Amino acid sequence: MNQRTPLTIGKLAKQGRVNLETIRYYERRGLLPEPPRTDSGYRVYSADAVRRVRFIKRAQELGFSLKEIQEFLALRIHPNTSCAGVRQRTEVKIADIDQKIRTLQAMKKALVGLATACSGRGPVSDCPILESIQEQHL
Numbered sequence: 305m306n307q308r309t310p311l312t313i314g315k316l317a318k319q320g321r322v323n324l325e326t327i328r329y330y331e332r333r334g335l336l337p338e339p340p341r342t343d344s345g346y347r348v349y350s351a352d353a354v355r356r357v358r359f360i361k362r363a364q365e366l367g368f369s370l371k372e373i374q375e376f377l378a379l380r381i382h383p384n385t386s387c388a389g390v391r392q393r394t395e396v397k398i399a400d401i402d403q404k405i406r407t408l409q410a411m412k413k414a415l416v417g418l419a420t421a422c423s424g425r426g427p428v429s430d431c432p433i434l435e436s437i438q439e440q441h442l
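Start counting the sequence shown at 305; every next residue gets the next number (my numbering).
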């Protein structure tokens with residue numbers, strides 16, 4: 305792709321591997337700057353917009369929220385910013401993921417115990433899983 309060839313929103317979405325509404329949403333959230341428009345009102349994007357959309361999607365895949373991604377994007381435009389801030393945010397995300405893993409493991413352990421206690425036979429009114437869940441929340 306020629307660096308100077310403007311892209312329509314459809315081409316940006318295709319090259320960014322997202323749908324059109326995602327592009328519009330990113331614009332509303334301030335993750336993508338409002339693009340210039342042609343005389344007929346069509347949005348035109350540059351190759352930089354493709355890189356930005358791909359950056360946003362990859363950061364989301366790594367578990368970063370759109371707010372956190374917006375902070376990363378803001379850090380990138382300040383020439384005096386060091387990697388330390390990015391590293392710190394990444395370490396916070398790692399700790400958050402570790403906590404989520406611990407929570408999920410505890411949930412799994414509890415569910416395995418409930419499934420083990422249930423034979424799968426009898427009326428639902430005597431289901432040990434439902435009884436246990438009810439008892440835990442009273």
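The C-beta atom is built at its ideal place from N, Cα and C for all residues, glycine as well.
As the structure is a prediction and not an experimental result, all values here were calculated from the model.
Item                                                                                                                                                        : Value
Quick check on TYR464: does DSSP put it in helix, strand or coil?                                                                                           : The chain is shown only over 305 to 442; residue 464 falls outside these bounds and no answer can be derived.
Which value, in whole angstroms, describes the spacing of the CA atoms of ASP430 and GLY424?                                                                : 10 angstroms
If I measure Cβ to Cβ from ARG362 and keep anything under 6 angstroms in the same chain, skipping five residues before and after, which residues do I get?  : none
DSSP on LEU379, reduced to helix/strand/coil?                                                                                                               : helix
Under a three-way DSSP split, which group does ARG391 fall into?                                                                                            : helix
Can you give the Cα-Cα distance for ARG391 and VAL428, rounded to whole angstroms?                                                                          : 51 angstroms
Hey, is the segment 340 to 352 in contact with the segment 377 to 394, meaning 3+ C-beta pairs nearer than 8 angstroms?                                     : no
Under the criterion of a Cβ to heavy atom distance below 8 angstroms, does ALA378 qualify as lining the ligand SAM?                                         : No copy of the ligand SAM appears in this structure; indeed no ligand is present at all.
By DSSP, does LEU442 sit in helix, in strand, or in coil?                                                                                                   : Note that LEU442 scores 47 on pLDDT, short of 50, meaning its location in the model is unreliable and no value can be drawn from it.
In chain order, what residues of the same chain lie with their CB nearer than 8 angstroms to the CB of ILE401, ignoring the 5 residues before and after it? : GLY367
Which residues in the same chain have their Cβ closer than 7 angstroms to the Cβ of PRO337, if we skip the five residues on either side of it in sequence?  : none
Is there contact here, the segment 314 to 334 with the segment 347 to 356, by at least three beta-carbon pairs under 8 angstroms?                           : yes
Rounded to the nearest angstrom, what separates ALA419 and ILE433 at their Cα positions?                                                                    : 7 angstroms
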